[in-house]
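Enquirer:
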Amino acid sequence: MSPEELLAKLSECVEFGKVNKNAPFPPAMKGMDGADELTKQALDMGINPEVILNEALIKAMDRVGEKFNQKKIFVPQMLIAAKAMNVAMEHLKPFFSSGEVKRKGKFIIGTVAGDLHDIGKNLVAMIVEGAGWEVIDLGVDVSSAKFLKSISENPDAYVGLSALLTTTMKSMQNIVNEIKREHPSVKILIGGAPVTEQFRAEIGADGYSSNPQTAVAYLNAQLA
Amino acid sequence: MPVSELVVSVEKILKGMEMKLTDADDYLLKLIDELTGQCFRMVQPQAGYVVYDDFSVVEQKIRIENKSFDTGKIVASFLKNSDALVLFSATCGADIEKYSKELMKSGHALEGLIVDLVGSELAESVVDYLHFQVGSKVGEVDAGVTNRFSPGYCNWPVSDQQQLFDLLKGNQSGIHLTPSSLMIPVKSVSGMIGIGYSVKRVEYKCQICDNKKCILRKIE
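Residue numbers (the working numbering), protein chains in the order written: chain Z, 26 to 249; chain L, 236 to 455.
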């Protein structure tokens, strides 16, 4: 298999969520090598890890994002693709650490103080990471002090705030105020079931995302 | 509480992923079925309630003993004709939530999401069972029950959980509250149900509520 064919195959595995050889999904690719094996093969073949990331993995997730936005696929397919992506990324981690491969940027994410719901936040973190960003996940019930500390440690990072409950939207507002007071240039993206574009405008956040893919689109747009 | 009484609808799990039954392939349906089965094996349903017949409803506040609940006008109007109020708590336990987090952490996001959705459904099913039991009991004397209402919804501040739990008096179902009044285990429900001779359950009337951001809103 040529490097181009291998990258195309790897990209296809990520797009359709073929994690590894033993994975039962998708049924049409049963028994075939998956993202796990093909990434290792690509590295063994000497393909530059940055090329693997950009030409195979991120392009696959871009296609997944497009299909999700067009409602051709749903949350489950998106998450299976992200799982395949993350398995492939495990092989690339040493190159991120060494600096040989650069991520797009940093994204600090957390569920706001008073709220313990983390599913939405986790899904966004996973998809954003799969899109080539370094994700710093602060967890749930995150105070403004904790966000501020992380921003101080990562001054070039973008920040994502999540809330599930209408009752914790006030907390989101307070955290946005605190961050903007200390770090006015930091871009803040907000999301969660009760959050709307109107609420974003009211509290002075920079972006609103209704799903993981729009979060990726927002972050990628900041690089343009 | 018998686990056999609990119900999880695959349609609701799919709805949680913004899908309909016709959108799901066999792989997903099988996965939901398997994970639902696992959740049923780890569910620890508990529910409890206390009945208060000495209460008052004035405008948008409900007073029980020395506590005043700022329920808002919608909840107050639905409960005001009750002869007594049932304060309840219900949970499906902590294990399902823990399992969901473990799956998420180990990279199985889809599985973690499905388990989380099944947990939410089971918690609602536990409280459905309790609601049904209360309804059956008062039905024996030809009385009825209202819909159930919870702090945090219909503009009822979630901070009222603290005094609601004080009044549950040993019927907290193993649930405890965080300082911000959220319940642990998270997959829990608490609130009030009215009982009486001139009340009945009706469709939730989301159109009369101005909280367009409510995650339980049943109309667009």
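A virtual CB, placed ideally from N, CA and C, is assigned to each residue, including glycine.
These figures come from a predicted structure and were not determined experimentally.
1. Mind reading off the beta-carbon distance from Met-197 (chain Z) to Ile-228 (chain Z)? Whole number of angstroms is fine, and I expect it under 8 Å.
2. State the Cα-Cα distance for the pair Val-149 (chain Z) and Gln-238 (chain Z), rounded to the nearest angstrom.
3. Comparing the C-beta of Pro-52 (chain Z) with each C-beta of chain B, is any distance below 8 Å?
4. How would you list, in chain order, the residues of chain Z whose beta-carbon sits under 8 Å from the beta-carbon of Ala-378 (chain L)?
5. Does DSSP classify His-366 (chain L) as helix, strand or coil?
6. What's the gap between the Cα of Glu-253 (chain L) and the Cα of Thr-306 (chain L)?
7. Sort out for me which residues DSSP pairs Gly-232 (chain Z) with in a bridge.
8. My output table needs one value for Ser-371 (chain L): the three-state DSSP class, helix, strand or coil.
9. Under three-state DSSP, which class holds Phe-313 (chain L)?
10. Please report the distance separating the alpha-carbon of Met-339 (chain L) from that of Ala-378 (chain L).
11. Is the beta carbon of Thr-326 (chain L) closer than 8 Å to that of Gln-281 (chain L)?
12. Three or more C-beta pairs closer than 8 Å, one from the segment 54 to 66 of chain Z and one from the segment 104 to 119 of chain Z: is that the case here?
13. Looking only at its own chain, which residues have a Cβ that is under 8 Å from the Cβ of Ile-430 (chain L), when we skip the five neighbours before and after it?
14. Out of Z:Ile-98, Z:Glu-91, Z:Lys-96, Z:Lys-127, which one is the CA nearest neighbour of Val-76 (chain Z)?
15. Got a sec, what are the start and stop residues for the alpha helix (DSSP H) Thr-271 (chain L) sits in?
16. So, are the CB atoms of Pro-101 (chain Z) and Leu-263 (chain L) less than 8 Å apart?
17. Based on DSSP bridge pairs, tell me the residues matched to Phe-290 (chain L).
18. Grab me the residues of Ala-107 (chain Z)'s own chain with a C-beta within less than 6 Å of its C-beta, minus the 5 sequence neighbours each way, in chain order.
19. Measure from the C-beta of Leu-399 (chain L) to each C-beta in chain Z and report whether the shortest distance is under 8 Å.
20. Can you tell me the Cβ-Cβ gap for Ala-240 (chain Z) and Ser-234 (chain Z), rounded? I've got them flagged as a contact below 8 Å.
21. Would you say Cys-353 (chain L) lies against chain Z (beta-carbon separation less than 8 Å)?
22. Run down chain L in chain order and give the residues with a C-beta less than 7 Å from the C-beta of Phe-99 (chain Z).
23. Between the Cα of Thr-192 (chain Z) and those of Z:Val-184, Z:Gly-217, Z:Arg-88, Z:Lys-97, spot the shortest distance and give me the residue it belongs to.
24. Could you give the distance in angstroms between the alpha-carbon of Ala-33 (chain Z) and the alpha-carbon of Lys-84 (chain Z)?
25. Check Val-4 (chain Z) in the structure and name its three-state DSSP category.
26. Go through its chain and collect everything with a Cβ distance to Asn-406 (chain L)'s Cβ below 7 Å, but skip five positions before and after it.
27. Tell me the residue span of the alpha helix (DSSP H) that contains Ala-242 (chain Z).
28. Is it buried or exposed for Met-26 (chain Z), if we count other Cβ within 10 angstroms and need 16 for buried?
29. Using 8 Å for Cβ pairs, my map puts Phe-290 (chain L) next to Val-238 (chain L). What's the rounded Cβ distance?
30. What's the gap between the Cα of Lys-265 (chain L) and the Cα of Glu-359 (chain L)?
31. How would you list, in chain order, the residues of chain Z whose beta-carbon sits under 8 Å from the beta-carbon of Met-236 (chain L)?
Expert: So, from the listed chains and residues:
1. 7 Å
2. 8 Å
3. Going by chain labels, chain B is absent from the structure shown, which instead holds the protein chains Z and L.
4. Ordered by position in chain Z, no residue passes the 8 Å Cβ test against Ala-378 (chain L), which lies about 32 Å from the chain.
5. helix
6. 31 Å
7. Z:Leu-214
8. It is helical.
9. helix
10. 46 Å
11. yes
12. The count of Cβ pairs closer than 8 Å, one atom from the segment 54 to 66 of chain Z and one from the segment 104 to 119 of chain Z, reaches three, so the stretches are in contact.
13. Within its own chain, the residues whose Cβ lies closer than 8 Å to the Cβ of Ile-430 (chain L), once the five positions on either side in sequence are excluded, are Val-286, Ser-317, Asp-318, Ala-319, Leu-320, Val-321, Val-369, Val-373, Ala-378, Gly-379, Val-380, Thr-381, listed in chain order.
14. For Val-76 (chain Z), the nearest C-alpha among the options comes from Z:Lys-127.
15. Thr-271 (chain L) -> alpha helix (DSSP H) spans 261 to 277.
16. The Cβ-Cβ distance between Pro-101 (chain Z) and Leu-263 (chain L) falls below 8 Å.
17. Paired residue(s): L:Ile-299.
18. Met-151, Ile-152, Gly-155
19. no
20. 4 Å
21. In the sequence as presented, Cys is not what sits at residue 353 (chain L); that position holds Val. No - not a single Cβ of chain Z is within 8 Å of the one on Val-353 (chain L).
22. Met-252, Glu-253, Met-254, Asp-258
23. Z:Gly-217
24. 10 Å
25. Any property of residue 4 (chain Z) remains undetermined from this structure, which presents chain Z solely from 26 to 249.
26. Gly-283, Tyr-284, Val-285, Ser-324
27. Element bounds for Ala-242 (chain Z): 237 to 248.
28. That one is exposed.
29. 33 Å between Cβ atoms; not a contact.
30. For Lys-265 (chain L) and Glu-359 (chain L), the distance between alpha carbons rounds to 23 Å.
31. Going along chain Z, no residue has its Cβ under 8 Å from Met-236 (chain L), so there is no contact; the nearest lies around 24 Å.
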